[in-house]
Amino acid sequence: MDTIVEFAEGRKIVMFGAGGERDLSRRAPMGEIAGKYCDLSILTSDNPRFEDPYDICVEISKGVEKAGGKYEIIVERDKAIYYAIDNSKSKDVILLAGKSTEPYQDMGTEKVPYDEGYIAKMAIIDVEKKRGLRN
10 MDTIVEFAEG RKIVMFGAGG ERDLSRRAPM GEIAGKYCDL SILTSDNPRF
60 EDPYDICVEI SKGVEKAGGK YEIIVERDKA IYYAIDNSKS KDVILLAGKS
110 TEPYQDMGTE KVPYDEGYIA KMAIIDVEKK RGLRN
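Residues are numbered in the numbering used here as their position in the sequence shown, beginning at 1, plus a constant of 9.
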């Protein structure tokens, strides 16, 4: 977070979630940090396991609100990525936090294949086409 705060010339946008069935006491503080340092927090699914991902996002949002930050809840992670990219402007910085190269989403009893890098790349291409920057 410190790096994007230091180097971002435009808005700072972060997209993240919290793992289900993990330390509940960390959710609101994560949101508070995001709300304090970022212009927009996009709250989404990140290995919800057997918890409702929307409920996890609501817990995180309490911290964002406490810090006076702005947020959106978009449970479907691929849609959250697209939203972040589509709503960015020149010089904005987007941080997609949490998944990195982890190749799955842990949902219930399933490990659903997931490639965040590919999804982000496809979203960038789609948004560039929409903006007339790419054929």
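All residues carry an ideal CB built from backbone N, CA and C; glycine is no exception.
For the candidate residues A37, R86, D95 and E68, whose alpha-carbon lies nearest to that of N56?
R86
Can you list, in chain order, the residues of its chain whose CB lies under 6 angstroms from that of A76, leaving out five sequence neighbours each side?
Taken in chain order, the residues that qualify are E41, G44 and K45.
Contacts around R35, its chain only, beta-carbon distance under 8 angstroms, and the 5 residues preceding and following it disregarded:
A27
Sequence ranges, alpha helix (DSSP H) only - wholly within the stretch 61 to 123, length at least 4:
62 to 75 and 86 to 95
Option in E30, I83 and G78 with minimal Cα separation from S54:
I83
Answer yes or no: do I22 and V102 have a C-beta to C-beta separation smaller than 8 angstroms?
yes
Does the beta-carbon distance from G78 to P38 come in below 8 angstroms?
no
Taking the C-alpha atoms as reference points, what is the distance between E60 and C66?
11 angstroms
For L105 versus E74, is the C-beta spacing smaller than 8 angstroms?
In terms of Cβ geometry, L105 and E74 do not form a close pair [threshold 8 angstroms].
Among Y92, S50 and R140, nearest to I128 - alpha-carbon criterion
Residue Y92 is the option with its Cα nearest to I128.
Bounding residues of the alpha helix (DSSP H) (the contiguous stretch that carries F16)
D11 to F16
Please name the residue in K139, L33, E81 and E15 whose C-alpha comes closest to that of I51.
E81
Would you call the CB atoms of D115 and R31 closer than 8 angstroms?
no
State the Cα-Cα distance for the pair F25 and K108, rounded to the nearest angstrom.
9 angstroms
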